[in-house]
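Heads up, the thing below is written out as structure tokens.
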Amino acid sequence: MINFKHLNNEEIYPLLISENNYLVYAPLAGWLSLNSFEEVELMERCLQGESVDKKAEERLRQIMSKRPKSKSTPKKTHVGQIHKLTILPNYKCNFKCSYCYSVEGRQNKEISEAMALGVINHFIDRKRTNLEHLWLAILGGGEPFLSPKLTEKLICHARLRAEEQNFDLGIGLTTNGSIYDKNLSDAMIVNHVSLGVSFEVLKDIQNKQRQGYDKVVPVVKQYMEDGVDITIKSIITPANVGHLEEMVLELKRLFPLVKRYKLQIVEDASMFANVQVMRKFYADFTEHFFYAEEIGKNNGIDVYVLASKFIDMLIEHYCGGEMCLNPEGTITICHRISSPKEKEYKHFIYGKVDEDGNIFVDDQKFLQLISHNVDACKQCENCFVKWHCGGGCFAQSTIYSQQQLDVICDWTRNFTKQILQRRFAQNQEEGILQW
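Quick note: to get this note's numbering, add 4 to the position in the sequence shown (first position is 1).
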């Protein structure tokens with residue numbers, strides 16, 4: 005592979021797409037152009053100080069004059085910059101999903117209302133942050149709908165607090181879709197809550213990987229009829245990766261009002277112990293995703309995976325970090341690791357709340373945990389996709405081997421490159437695309 009060191013140093017990346025053609029991609033400038041090897045080489049030489057070509061100099065001037073573009077998810081240096089609070093109301097669950105990342109933490113425990121409200125008040129506070137936009141996620145370390153009154157209370161309190169403190173607050177609630185609760189339905193509508201339903205769409209896959217297909221479908225339909233804003237989320241495993249197109253069509257048939265469909269690649273080190281199997285799985289996902297995405301567009305459904313959304317963001321940290329409050333009263337950097345029964349639990353803690361709702365944060369521990377970012381990994385240094393992955397997921401880095409992480413990096417580069425190629429082919433104008 006030819007090394008364009010000086011272009012890379014300026015965050016300009018020539019991506020080989022055929023024998024003599026490159027997509028020149030400058031993520032910080034939102035620039036994409038089609039250039040020959042000779043044109044790219046001239047730009048490289050210009051940056052070495054040679055005066056070789058006026059067109060190359062002008063092209064570089066155009067690219068570099070557009071920077072810097074603002075970061076969607078910038079690096080964090082203190083807790084006041086955290087925009088997301090995640091609350092796990094309990095560790096209880098009525099499903100036994102085959103790939104569940106939090107299964108080790110299952111127990112019959114619920115967070116106290118005082119703790120949860122104390123953290124909400126701390127998080128949604130002008131004294132804590134000068135951010136305008138905040139996000140509250142209520143998720144499972146179990147199933148939130150097994151604690152319906154508490155979950156409803158948290159939603160209503162957070163919305164009221166945000167209005168009092170003059171914040172723009174988004175609220176998301178995730179469920180396995182097996183429980184209908186009228187009060188929660190009303191609360192979601194009144195408080196503008198986005199409901200994410202984890203559901204595999206195809207009956208045989210749902211019953212194999214999660215269970216309860218015949219229970220979930222009528223519940224989701226009822227929430228849909230009530231007017232709840234719903235996103236369906238499917239975990240993609242080797243069992244369904246070849247059926248993405250079918251899943252989109254079936255989603256349209258089952259839930260015609262649902263307009264967002266999130267595909268989430270399973271995270272399981274033991275499932276992908278064979279790295280070649282893992283590599284093949286990711287290749288299969290790429291192959292089927294773009295067909296599924298197109299089917300979705302034709303049916304009014306936004307089919308996406310995080311990597312397909314990140315292409316339009318500049319990310320210095322994969323998720324931006326979070327305050328995750330769990331039923332133990334501890335605050336972790338990530339909801340993926342949230343129970344004392346999980347191996348990395350102690351390592352992920354940077355704060356706690358007492359029974360009176362008072363918050364204690366270890367600032368040094370927070371800085372240590374939040375440092376997994378675009379600057380942390382040597383292999384990210386000259387990688388064009390680093391601005392769209394922010395150094396990758398911290399939780400993944402604790403469960404996967406380096407070989408497995410390399411597969412994910414290779415896939416992210418290939419997947420992102422394909423998106424760029426498709427975008428350029430659809431929108432090119434005089435060989436240049438800017439956004």
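Each residue gets a CB set at the ideal place from its N, CA and C atoms; glycine is no exception. These numbers were taken from a predicted model, which means no experiment stands behind them.
- prompt: So, using beta-carbon positions, are L46 and V56 closer together than 8 Å?
  reply: For this step, residue 46 is matched to residue 42 along the sequence shown. For this step, residue 56 is matched to residue 52 along the sequence shown. Yes; because the gap between Cβ atoms is below 8 Å, this pair is in contact.
query: Could you give the C-beta distance for Y322 and F398, rounded to a whole number, given that I count them as a contact under 8 Å?
result: The residue given as residue 322 occupies position 318 in the sequence shown. The residue given as residue 398 occupies position 394 in the sequence shown. Yes, they are in contact, since the Cβ atoms of Y322 and F398 sit about 7 Å apart, within 8 Å.
query: DSSP three-state call for D306: helix, strand or coil?
result: Taking the sequence shown and counting its residues from 1, one reaches residue 306 at position 302. Residue state, collapsed to three classes: strand.
- prompt: Counting pairs of beta carbons, one from the region 357–368 and one from the region 169–186, are three or more of them closer than 8 Å?
  reply: As far as the Cβ criterion goes, the region 357–368 does not touch the region 169–186, which means the pair count is below three.
- request: Within the same chain, show all residues whose beta-carbon is closer than 7 Å to that of P242, passing over the 5 residues directly before and after it, in chain order.
  value: For the purposes of this step, residue 242 is identified with residue 238 of the sequence shown, where counting begins at 1. Cβ neighbours of P242 beyond the five flanking positions: F285.
message: Just to confirm the assignment: which complete beta strand (DSSP E) runs, minimum length 3, are found wholly within the region 147–217?
response: 172–179 and 197–202
message: Quick check: what's the CA-CA separation for Q408 versus I305?
response: If you number the sequence shown from 1, residue 408 lands on position 404. If you number the sequence shown from 1, residue 305 lands on position 301. Rounded to whole angstroms, Q408 to I305 spans 32 Å at the Cα level.
- prompt: Which residues share a DSSP beta bridge with Q85?
  reply: Along the sequence shown, read from residue 1 onward, the residue named residue 85 stands at position 81. Answer is none; Q85 lacks a bridge partner.
- prompt: On the three-state DSSP scale, how would you describe G324?
  reply: Position 320 of the sequence shown, counted from the start, is the residue given in the question as residue 324. If DSSP states are grouped into helix, strand and coil, G324 belongs with coil.
query: So, are the CB atoms of L329 and V123 less than 8 Å apart?
result: Reading the sequence shown from its first residue, position 325 is the one you call residue 329. Reading the sequence shown from its first residue, position 119 is the one you call residue 123. In contact: L329 and V123 (Cβ atoms closer than 8 Å).
task: Count the C-beta pairs between the region 91–98 and the region 140–147 that are closer than 8 Å, then say yes if the count reaches three, no if not.
output: Counting C-beta pairs with one atom in each stretch, the region 91–98 and the region 140–147 have three or more that are closer than 8 Å, which means they touch.
- prompt: How would you write the range of the alpha helix (DSSP H) that T420 sits in, first residue to last?
  reply: The residue labelled residue 420 in the question sits at position 416 within the sequence shown. T420 -> alpha helix (DSSP H) spans Q406 to N431.
- prompt: Just how far apart, CA to CA, sit V201 and L32?
  reply: Looking up residue 201 in the sequence shown gives position 197. Looking up residue 32 in the sequence shown gives position 28. So the alpha carbons of these two residues sit roughly 35 Å apart.
- prompt: Can you find at least 3 beta carbon pairs, one from the region 239–256 and one from the region 204–222, that sit closer than 8 Å?
  reply: yes
field: Cutoff 6 Å; reference W415; Cβ partners in own chain excluding five residues on either side
entry: Walking along the sequence shown from the start, residue 415 turns up at place 411. Within the same chain, W415 has close Cβ partners Y286.
field: Selected residue, minimal CA-CA separation from W35, among E136, F41, L150 and P18
entry: As a first step, residue 35 must be located in the sequence shown, where it is residue number 31. Distances from the alpha-carbon of W35 to those of E136, F41, L150 and P18 put P18 closest.
- prompt: Which of helix, strand or coil does DSSP assign to S312?
  reply: Here residue 312 refers to the residue found at position 308 when the sequence shown is read from its first residue. S312: helix per DSSP, three-state reduction.
Distance CB(M317)-CB(T77) smaller than 8 Å: By 1-based counting over the sequence shown, the position of residue 317 is 313. By 1-based counting over the sequence shown, the position of residue 77 is 73. Yes, Cβ-Cβ distance for M317 and T77 is below 8 Å.
- prompt: What does DSSP give as the partner residues of S22 in its beta bridges?
  reply: Position 18 of the sequence shown, counted from the first residue, corresponds to residue 22. According to DSSP, which records beta bridges pairwise, S22 is partnered with N25.
- request: Tell me the start and end of each unbroken alpha helix (DSSP H) in the region 324–404 that is at least 4 residues and wholly inside, in chain order.
  value: Counting only runs of 4 or more, we get 349–352, 367–374, 390–393 and 398–403.
message: Shorter than 7 Å, the distance from the beta carbon of G84 to the closest heavy atom of the ligand FAD, or not?
response: Ligands in the displayed structure: none, and consequently the ligand FAD is not present.
field: Nearest-angstrom Cα separation, counted from H292 out to S405
entry: In the sequence shown, the residue the question calls residue 405 occupies position 401. In the sequence shown, the residue the question calls residue 292 occupies position 288. Taking the straight line joining both Cα atoms gives about 26 Å.
- request: For C393, count neighbouring C-beta atoms within 10 Å of its own C-beta (all shown protein chains included) and say buried if the count is 16 or more, exposed if not.
  value: If you number the sequence shown from 1, residue 393 lands on position 389. Buried.
query: Who are the near neighbours of V309 in its chain, counting only those whose CB is closer than 6 Å to its CB and skipping five residues on each side?
result: Translated into positions along the sequence shown, residue 309 becomes position 305. For V309, where only same-chain residues beyond five positions count, the Cβ hits under 6 Å are L267.
task: Could you say which of E167, K421 and E348 lies nearest to S312 if we only look at CA atoms?
output: Here residue 312 is taken as the residue at index 308 of the sequence shown, counted from 1. Of E167, K421 and E348, the residue nearest in Cα terms is K421.
field: 8 Å contact criterion, which I236 and V197 should meet: CB distance rounded
entry: Position 232 of the sequence shown, counted from the start, is the residue given in the question as residue 236. Position 193 of the sequence shown, counted from the start, is the residue given in the question as residue 197. Wrong, their Cβ atoms sit about 16 Å apart, outside the cutoff.
field: Sequence ranges, alpha helix (DSSP H) only - wholly within the region 230–293, length at least 4
entry: 248–258
query: Contact between the region 350–357 and the region 330–340: three or more CB pairs below 8 Å?
result: yes
- request: Please go through the same chain and pick out, in chain order, the residues whose beta-carbon is closer than 7 Å to the beta-carbon of C101, but skip the five residues on each side of it.
  value: Numbered from 1 along the sequence shown, position 97 holds the residue referred to as residue 101. Excluding residues up to 5 positions away in sequence, Q213 and R214 lie with their Cβ nearer than 7 Å to the Cβ of C101 in the same chain.
message: Going by C-alpha to C-alpha distance, which of P344, C50, L20 and G53 sits closest to S40?
response: In the sequence shown, the residue the question calls residue 40 occupies position 36. Distances from the CA of S40 to each of P344, C50, L20 and G53 were compared; the closest alpha carbon is that of L20.
- request: Please say whether I128 and E326 have beta carbons closer to each other than 8 Å?
  value: Position 322 of the sequence shown, counted from the start, is the residue given in the question as residue 326. Position 124 of the sequence shown, counted from the start, is the residue given in the question as residue 128. Remark: C-beta atoms of E326 and I128 do not approach each other more closely than 8 Å.
- prompt: For the candidate residues K382, A118 and G300, whose alpha-carbon lies nearest to that of G361?
  reply: Within the sequence shown, the letter at position 357 stands for residue 361. Per the Cα distances, A118.
task: Could you say which of R427, C338, K390 and C384 lies nearest to Q400 if we only look at CA atoms?
output: Looking up residue 400 in the sequence shown gives position 396. Comparing Cα-Cα distances from Q400 to each of R427, C338, K390 and C384, the minimum goes to C338.
field: Residue environment, K301, which counts as buried when at least 16 other CB atoms sit within 10 Å
entry: On the sequence shown, position 297 is the one that residue 301 refers to. Per the 10 Å Cβ criterion, exposed.
- request: Step through the CB atoms of chain B and report whether any lies within less than 8 Å of the CB of Y349.
  value: Among the chains in the structure shown there is no chain B, since it carries only a single protein chain.
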